[in-house]
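Novice: In our numbering, the protein residues as written are 241 to 404.
Every residue, glycine too, gets a C-beta built ideally from N, C-alpha and C.
Could you have a look at this structure, given as structure tokens, before my questions?
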């Protein structure tokens, strides 16, 4: 299982570490001739505006009923579980005799898990052209939004503003 953080204020360190591990994995794969360890599908996370986000997961060859999106307890999970049929073992033996030289497009079960901020909702999901698109919306209640507090100086109210 892969755990990822979705933050309102993305951290550069998180993406830098993730990228370093990917590079190390790729380097060892090139040196040993083995496949890369990561079997988690590629994904994009885009901030559309202050409250809306779009998660896009690359899932070529997956069918809608093989994918599952779940939002529970501050965690968004996207999983893919390959259909199993009684003839799966026979198909693997048949593949060896069917003339395949190399099969690089493999479908392995996967699970992406994201820790999401409070008040984040999934607004919808769609599957098209091998991409699973998940819409996210963060609705912060008015009572929890930052507000300015007036400070009285010498009897006259004055508002202090945070300046960066």
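#1: With H, G and I counted as helix, E and B as strand and the rest as coil, what does DSSP make of residue 272?
#2: Under a Cβ-count criterion, where at least 16 other Cβ atoms within 10 Å of its own Cβ denotes burial, should residue 267 be classed as buried or exposed?
#3: Using the Cα positions of residue 361 and residue 387, report the straight-line distance between them to the nearest angstrom.
#4: Taking only three categories from DSSP, how would you classify residue 376?
#5: Where does residue 293 land, buried or exposed, given buried means 16+ other C-beta within 10 angstroms?
#6: Work out the CA separation of residue 382 and residue 318 for me, nearest whole Å.
#7: Using DSSP with H/G/I as helix, E/B as strand and the rest coil, what is residue 383?
#8: For residue 302, count neighbouring Cβ atoms within 10 angstroms of its own Cβ and tell me buried if that reaches 16, exposed if not.
#9: So who's on the other strand from residue 308, going by DSSP bridges?
#10: Nearest chain B C-beta to residue 357 closer than 8 Å, yes or no?
#11: Using 8 Å as the threshold, is the stretch 358-372 in touch with the stretch 336-345, meaning 3 or more CB pairs across them?
#12: Nearest to residue 350 by CA position, among 291, 286, 298 and 264, is which residue?
#13: Considering only the alpha carbon of each residue, which of 391, 353, 359 and 378 lies closest to residue 283?
#14: Using the DSSP secondary-structure output, state which residues sit across from residue 364 in a beta bridge.
#15: Express the C-alpha separation of residue 281 and residue 344 in angstroms, rounding to a whole number.
Specialist: So, to answer that:
#1: Mapped onto the chain shown, residue 272 falls at position 32. If DSSP states are grouped into helix, strand and coil, residue 272 belongs with the helices.
#2: Looking up residue 267 in the chain shown gives position 27. Burial call: exposed.
#3: In the chain shown, the residue the question calls residue 361 occupies position 121. In the chain shown, the residue the question calls residue 387 occupies position 147. Each residue's Cα considered, the two are about 23 Å apart.
#4: Taking the chain shown and counting its residues from 1, one reaches residue 376 at position 136. Correct three-state label for residue 376: strand.
#5: Position 53 of the chain shown, counting from 1, holds the residue named residue 293. So residue 293 ends up on the buried side.
#6: Taking the chain shown and counting its residues from 1, the one referred to as residue 318 is at position 78. Taking the chain shown and counting its residues from 1, the one referred to as residue 382 is at position 142. Their backbone Cα atoms lie some 30 Å apart in a straight line.
#7: In the chain shown, the residue the question calls residue 383 occupies position 143. In the structure shown, residue 383 sits in a helix (DSSP, three-state: H, G or I).
#8: Here residue 302 refers to the residue found at position 62 of the chain shown. Counting Cβ neighbours within 10 Å, residue 302 comes out buried, since at least 16 surround it.
#9: Within the chain shown, residue 308 is the residue found at index 68, counting from 1. 319.
#10: This model lacks chain B altogether; it includes just one protein chain.
#11: no
#12: Taking the chain shown and counting its residues from 1, the one referred to as residue 350 is at position 110. For the residues 291, 286, 298 and 264, the minimum Cα distance to residue 350 belongs to 298.
#13: In the chain shown, the residue the question calls residue 283 occupies position 43. Closest by alpha carbon: 353.
#14: Locating residue 364 in the chain shown gives position 124, where the first residue counts as 1. DSSP output for residue 364 lists 375 as bridge partner(s).
#15: Here the question's residue 344 lines up with position 104 in the chain shown. Here the question's residue 281 lines up with position 41 in the chain shown. So the alpha carbons of these two residues sit roughly 14 Å apart.
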